[in-house]
Amino acid sequence: MKGLFNLVITLSIITPVTIFFGYIIMDEGDQFTAEHYMVTGLSTIPLIFALLIKFLMTGAEKNNQ
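Going by our numbering, the first residue of the sequence shown is number 9, and it counts up by one from there.
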């Protein structure tokens, strides 16, 4: 289970960074718009949920041992 959470966290860290640089490459360095910032920001939501679930599951695993 711990490996799964590490995989999800790794993927959810890579996603916003990829989106951010993808917009820069596609727009050839032009200015960002509000939509660019919104999509990049919203793509961090899976990271927040993954960290929250990992935090909650870590406490549950410690109580069982």
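Heads up, the beta-carbon is just placed ideally off N, CA and C, and yes, glycines get one too.
Looking from the CA of A58, the closest CA among G11, L12, I17 belongs to I17. Spatial neighbours of F28 in its own chain (CB-CB distance under 7 Å, excluding positions within 5 residues in sequence) are listed in chain order as T48. Secondary structure of T66 (DSSP, three-state): helix. In this structure, S20 is the residue among Y31, L12, S20, E43 with its C-alpha nearest to the C-alpha of I53. Across the structure, I61 and V25 are spaced so that their CA atoms are roughly 22 Å apart.
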